[in-house]
Amino acid sequence: MVFGKDFQVNKKEIPLIDLAMQLNGELTAYDEHIVISGVAGLKEASSGDISFLGHRRYLKDLEETNASAVVLPNDVSFERLPSIRVENPYYAFSQLLHIFYDLPFKPGGIDKRAVIGKGFKHGRDITIYPHVHIEDNVSLGDNIIIYPFTFIGANSFIGDNTIIYPNVTIREKTKIGCRVIVHSGAVIGSDGFGFVKYKGVHNKIPQVGGVIIEDDVEIGANTTIDRATIGNTVIKRGTKIDNLVQIAHNVTIGEDCILAGQAGVAGSSQIGNSVTLAGQAGVTGHISIGDNVTVAGKAGVTRDIKDDQTISGMPAIPRMEWLKAMAIFEKLPELKQKLSEIERRIGEIERIDRHDA
Amino acid sequence: MVFGKDFQVNKKEIPLIDLAMQLNGELTAYDEHIVISGVAGLKEASSGDISFLGHRRYLKDLEETNASAVVLPNDVSFERLPSIRVENPYYAFSQLLHIFYDLPFKPGGIDKRAVIGKGFKHGRDITIYPHVHIEDNVSLGDNIIIYPFTFIGANSFIGDNTIIYPNVTIREKTKIGCRVIVHSGAVIGSDGFGFVKYKGVHNKIPQVGGVIIEDDVEIGANTTIDRATIGNTVIKRGTKIDNLVQIAHNVTIGEDCILAGQAGVAGSSQIGNSVTLAGQAGVTGHISIGDNVTVAGKAGVTRDIKDDQTISGMPAIPRMEWLKAMAIFEKLPELKQKLSEIERRIGEIERIDRHDA
Amino acid sequence: MVFGKDFQVNKKEIPLIDLAMQLNGELTAYDEHIVISGVAGLKEASSGDISFLGHRRYLKDLEETNASAVVLPNDVSFERLPSIRVENPYYAFSQLLHIFYDLPFKPGGIDKRAVIGKGFKHGRDITIYPHVHIEDNVSLGDNIIIYPFTFIGANSFIGDNTIIYPNVTIREKTKIGCRVIVHSGAVIGSDGFGFVKYKGVHNKIPQVGGVIIEDDVEIGANTTIDRATIGNTVIKRGTKIDNLVQIAHNVTIGEDCILAGQAGVAGSSQIGNSVTLAGQAGVTGHISIGDNVTVAGKAGVTRDIKDDQTISGMPAIPRMEWLKAMAIFEKLPELKQKLSEIERRIGEIERIDRHDA
Numbered sequence: 084m085v086f087g088k089d090f091q092v093n094k095k096e097i098p099l100i101d102l103a104m105q106l107n108g109e110l111t112a113y114d115e116h117i118v119i120s121g122v123a124g125l126k127e128a129s130s131g132d133i134s135f136l137g138h139r140r141y142l143k144d145l146e147e148t149n150a151s152a153v154v155l156p157n158d159v160s161f162e163r164l165p166s167i168r169v170e171n172p173y174y175a176f177s178q179l180l181h182i183f184y185d186l187p188f189k190p191g192g193i194d195k196r197a198v199i200g201k202g203f204k205h206g207r208d209i210t211i212y213p214h215v216h217i218e219d220n221v222s223l224g225d226n227i228i229i230y231p232f233t234f235i236g237a238n239s240f241i242g243d244n245t246i247i248y249p250n251v252t253i254r255e256k257t258k259i260g261c262r263v264i265v266h267s268g269a270v271i272g273s274d275g276f277g278f279v280k281y282k283g284v285h286n287k288i289p290q291v292g293g294v295i296i297e298d299d300v301e302i303g304a305n306t307t308i309d310r311a312t313i314g315n316t317v318i319k320r321g322t323k324i325d326n327l328v329q330i331a332h333n334v335t336i337g338e339d340c341i342l343a344g345q346a347g348v349a350g351s352s353q354i355g356n357s358v359t360l361a362g363q364a365g366v367t368g369h370i371s372i373g374d375n376v377t378v379a380g381k382a383g384v385t386r387d388i389k390d391d392q393t394i395s396g397m398p399a400i401p402r403m404e405w406l407k408a409m410a411i412f413e414k415l416p417e418l419k420q421k422l423s424e425i426e427r428r429i430g431e432i433e434r435i436d437r438h439d440a
Numbered sequence: 084m085v086f087g088k089d090f091q092v093n094k095k096e097i098p099l100i101d102l103a104m105q106l107n108g109e110l111t112a113y114d115e116h117i118v119i120s121g122v123a124g125l126k127e128a129s130s131g132d133i134s135f136l137g138h139r140r141y142l143k144d145l146e147e148t149n150a151s152a153v154v155l156p157n158d159v160s161f162e163r164l165p166s167i168r169v170e171n172p173y174y175a176f177s178q179l180l181h182i183f184y185d186l187p188f189k190p191g192g193i194d195k196r197a198v199i200g201k202g203f204k205h206g207r208d209i210t211i212y213p214h215v216h217i218e219d220n221v222s223l224g225d226n227i228i229i230y231p232f233t234f235i236g237a238n239s240f241i242g243d244n245t246i247i248y249p250n251v252t253i254r255e256k257t258k259i260g261c262r263v264i265v266h267s268g269a270v271i272g273s274d275g276f277g278f279v280k281y282k283g284v285h286n287k288i289p290q291v292g293g294v295i296i297e298d299d300v301e302i303g304a305n306t307t308i309d310r311a312t313i314g315n316t317v318i319k320r321g322t323k324i325d326n327l328v329q330i331a332h333n334v335t336i337g338e339d340c341i342l343a344g345q346a347g348v349a350g351s352s353q354i355g356n357s358v359t360l361a362g363q364a365g366v367t368g369h370i371s372i373g374d375n376v377t378v379a380g381k382a383g384v385t386r387d388i389k390d391d392q393t394i395s396g397m398p399a400i401p402r403m404e405w406l407k408a409m410a411i412f413e414k415l416p417e418l419k420q421k422l423s424e425i426e427r428r429i430g431e432i433e434r435i436d437r438h439d440a
Numbered sequence: 084m085v086f087g088k089d090f091q092v093n094k095k096e097i098p099l100i101d102l103a104m105q106l107n108g109e110l111t112a113y114d115e116h117i118v119i120s121g122v123a124g125l126k127e128a129s130s131g132d133i134s135f136l137g138h139r140r141y142l143k144d145l146e147e148t149n150a151s152a153v154v155l156p157n158d159v160s161f162e163r164l165p166s167i168r169v170e171n172p173y174y175a176f177s178q179l180l181h182i183f184y185d186l187p188f189k190p191g192g193i194d195k196r197a198v199i200g201k202g203f204k205h206g207r208d209i210t211i212y213p214h215v216h217i218e219d220n221v222s223l224g225d226n227i228i229i230y231p232f233t234f235i236g237a238n239s240f241i242g243d244n245t246i247i248y249p250n251v252t253i254r255e256k257t258k259i260g261c262r263v264i265v266h267s268g269a270v271i272g273s274d275g276f277g278f279v280k281y282k283g284v285h286n287k288i289p290q291v292g293g294v295i296i297e298d299d300v301e302i303g304a305n306t307t308i309d310r311a312t313i314g315n316t317v318i319k320r321g322t323k324i325d326n327l328v329q330i331a332h333n334v335t336i337g338e339d340c341i342l343a344g345q346a347g348v349a350g351s352s353q354i355g356n357s358v359t360l361a362g363q364a365g366v367t368g369h370i371s372i373g374d375n376v377t378v379a380g381k382a383g384v385t386r387d388i389k390d391d392q393t394i395s396g397m398p399a400i401p402r403m404e405w406l407k408a409m410a411i412f413e414k415l416p417e418l419k420q421k422l423s424e425i426e427r428r429i430g431e432i433e434r435i436d437r438h439d440a
């Protein structure tokens, strides 16, 4: 089966001059009457599209683009096409996507096929789809959208402008802030993984704490965030979590962090602000990571890390040290060969010395 | 948005002397009339709480705690607060959480908005929430709770006192024992990943076997356990599996194992009893791991492992060997430097020797 | 609780001679009237079963099997049991499983408890279970089965003979081909993980692209495939993806690839045809992998890889080089010891030389 071009859901036409104003940029155009109807990458753009230069390595693509206009940083010289000059073209690109593709918000109300518990409170303009299940004493703010097959446990709270996509589970006593996005299949508030071995078997430690998700957090598809044993597991403001990430019980993740796909943080670890965990990175339990730390892909953090470090490897060490050690690792056979050669030479010298003696 | 203190769902008040009896401990108190209303960590506890000393490294926290009473091991000298002396304070802590926070079991019956297939059998006091889907010929034991958006395939069986949280998929012909807990988003009985390459393409091998989950197993959120090609994938009694763990087809996991978050076991591997796979560990297919083996975090097991080993690294080797090798790995640049120095010195000697000659 | 033997759902009895014809094989039998009622491994087979020799390492099991007949390659000498001789016994095994265990296809129609949006189009003989939610302008082909708790977003398309298991989320504008299998908990079309840091916070880049899943693809349980920022994330024909795999936005996976459990591919990377990613392998963003590349388990691919490579390690290097380096890694303490010994000897020589001088 061959798929055709994308179906354009909501086509808009906007004068370039209006876009320049919305982006707070300077228009350097041959023709101010040009009209834009879409956003595309430099290579993919065709007539009617606006594109952007995200990095200087794409200068060649800029030369060859079929876009009708481009967004450029102030210091790039380029005159073939009308351009909007801005401070941060990549940010402008994200603004353009909002401008062209955001759908109007139409609250859908509470579908009667949803199941709603006792003591339900909610603000204005909410959308509860069919096949949503909300337990007792749940409170929702304004402008919230909850998609089908989402379960919200008792005594939970969700702030304004939050979106919960389909098939999400939010267990009891979970607190979610404003402008949070929870992607499909995410599980928030599942029991922490806590057992005590007694008389030869693992006895479950009841997990009676909660989860707090602060404002402006995004939680990826099929990501899991366990509830605390006692107290709370906390994800602080502005942190973005990718798909299939595991956050164990009693973990705290600071503000404005980035946790990439398949990263994991074990129980009770504390992570500072503006920390990046790259893909498949892991953090062991009961440790602290400072602010502005970057953990490279697949790295395993096994001890406390101070602020402003970039670390790699398993166990994770400062990235520059790891790169130097790894460069030699790949050459270990040569190094071993050299060692054997030296041994041979030294044996030769010793033989001669003995002979001399 | 700022979240306040946790909402206390079900507050109890219990005399300390009663707790001592329930924990089978010895009360050493100045005031036997003290009443306890909650459980907290040493640092977090306030008046009315009971806390516990889980490890001697928290002795300082014990000195400073605001708890009204503490659970201690027999051999710690401490008289500032009333204490209950027990063999295993951590186990007592888990008992206290049960005592204070377990909710009374109230069977909810079978909601009429659930979809139930033909030939459905069940024991006493079950709870089937709305939006549960049960296929034909399913049998359930007593005291089972099945939360919304859970699918149970045909000819499946679930034992007494088992809890299935929301959004779980249990495919056909799955057998689940008693006192099992399945967390949200888990998938049990999905097709094993089996293909045979023939005429250049991957042909699906039908996966017609099943899955057996024995008694007292816990399965984490979004964990996947595939059905066998033929025969069964088996998780034995008392094994606890964390979130986002992958168990492939025809795997057997022994009794009382611990599989931490994001661990994975490839097809047909056999794992013994009381084995621990730490976070993000992986086990390749078609191998055997003995009893009492501990696989460290991020380790990759690529060959058979005998009983009573602790292994690390990729490929996994005995942990002590790995630690020694890794200590040198981090110093490889120094080692290489030393080798170059030796080469220089030996060259010098050879030059002199030749000169002498 | 002790579980008994598997419940045999649909027992068939088929003459061996008919099976030989269906497998396009040559029957070498003492008794052509033998009837087969099941398929089993060599060790597990009992009277009435047919088994097969998948690899010569199981020749001993062949000698001891209790099967009533076996499928063998042409060049194995074995006369104790009736056998069907074929080119590829493993492929024949998969055919036998289809023959004995495939259920007849009975279209169930559209259950009235499903929620179906406007502009819904569909072919012949579809099955939509209760508790399915389909948004507006969705098109389905013929013979499609959609299990409960599956959400299909607006303007999506699904081709003929595709199966969607329970609890799947397919977001808007997703295109899925023919004969595709999507396992439970998979999420297709969740937002790509794209942010631009501006004024100190991570601003979401709207993800307005789509996902294209071509014909004959299989997608594992709880696997996540993100939609593109603009353009499409593409999984090409015949590629099989295991459980808990992460495919980020704007990735292209070629034809006939195998992605094993918990593998991950970061944003915008391009993977060729017939590539294998073994379990827990990772591919960083914005790189290219050629055709016929095999990435070993837990390997981390950090740069472009040409065709026909087998790579291991983190960072991934050619497998033979990695094996050689790793063999020395495990012996680093010996190597360091040897180096110290050489240093001692060279010091001795220098001392003597100086003494002589």
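In the order they appear, the protein sequences are chains A, B and C. When you line the first sequence up against the numbering used here, it's residues 84 to 440, in that order. When you line the second sequence up against the numbering used here, it's residues 84 to 440, in that order. When you line the third sequence up against the numbering used here, it's residues 84 to 440, in that order. Note that the Cβ used here is the ideal one computed from N, Cα and C, for glycine as well. The structure presented is a predicted model; accordingly, all values stated were derived computationally and were not measured.
Measuring alpha carbon to alpha carbon, tell me which residue in the options is nearest residue i.
i	options	result
residue 125(B)	140(B), 138(B), 238(B), 145(B)	145(B)
residue 119(B)	223(B), 134(B), 306(B)	134(B)
residue 68(B)	382(B), 138(B), 301(B)	Beyond the ends of chain B as shown, which are 84 and 440, falls residue 68(B); an answer cannot be given.
residue 165(A)	150(A), 178(A), 278(A)	150(A)
residue 367(B)	373(B), 420(B), 194(B), 349(B)	349(B)
residue 330(C)	344(A), 375(A), 322(A)	344(A)
Grouping DSSP H, G and I as helix and E and B as strand, with all else coil, what is residue i?
i	result
residue 90(B)	For residue 90(B), the pLDDT reaches just 47, beneath the cut-off of 50, and the residue's location in the model is therefore unreliable, although a value from the coordinates is still provided. Residue 90(B) falls in the coil class under three-state DSSP.
residue 278(C)	strand
residue 126(A)	coil
residue 95(B)	coil
residue 290(B)	coil
residue 360(C)	strand
residue 372(B)	strand
Starting from residue i, follow the beta strand (DSSP E) in both directions and report where the run begins and ends.
i	result
residue 258(C)	257–259
residue 109(C)	109–111
residue 135(B)	132–135
residue 319(A)	First-last for residue 319(A): undefined, no H or E at that position.
residue 287(B)	284–287
residue 411(A)	Segment 402–412 is the alpha helix (DSSP H) holding residue 411(A); no beta strand (DSSP E) there.
residue 294(B)	293–296
residue 395(A)	393–395
residue 307(A)	307–309
residue 344(A)	Counting along the chain, residue 344(A) falls outside any beta strand (DSSP E), and DSSP gives it neither H nor E.
Is it the case that the CB of residue i approaches a heavy atom of the ligand COA more closely than 7 Å?
i	result
residue 287(A)	In the structure shown, the ligand COA is absent, as is every other ligand, since no ligand is present at all.
Could you give the first and the last residue of the continuous alpha helix (DSSP H) run that contains residue i?
i	result
residue 101(B)	99–105
Enumerated in chain order, which unbroken segments of the beta strand (DSSP E) with a length of 3 residues or greater are wholly contained in the stretch 206–264 of chain B? Counting only runs of 3+ residues, the beta strand (DSSP E) found wholly inside the stretch 206–264 of chain B occupies 257–259, in chain order.
Determine, using beta-carbon pairs with one atom in the stretch 277–289 of chain B and one in the stretch 329–342 of chain C, whether at least three such pairs fall under 8 Å. Touching, yes.
What runs of the beta strand (DSSP E), each 3 residues or longer, lie entirely inside the stretch 134–203 of chain A? 152–156, 166–169
Could you say if the stretch 408–416 of chain C and the stretch 392–410 of chain B meet the contact criterion of at least three C-beta pairs nearer than 8 Å? yes
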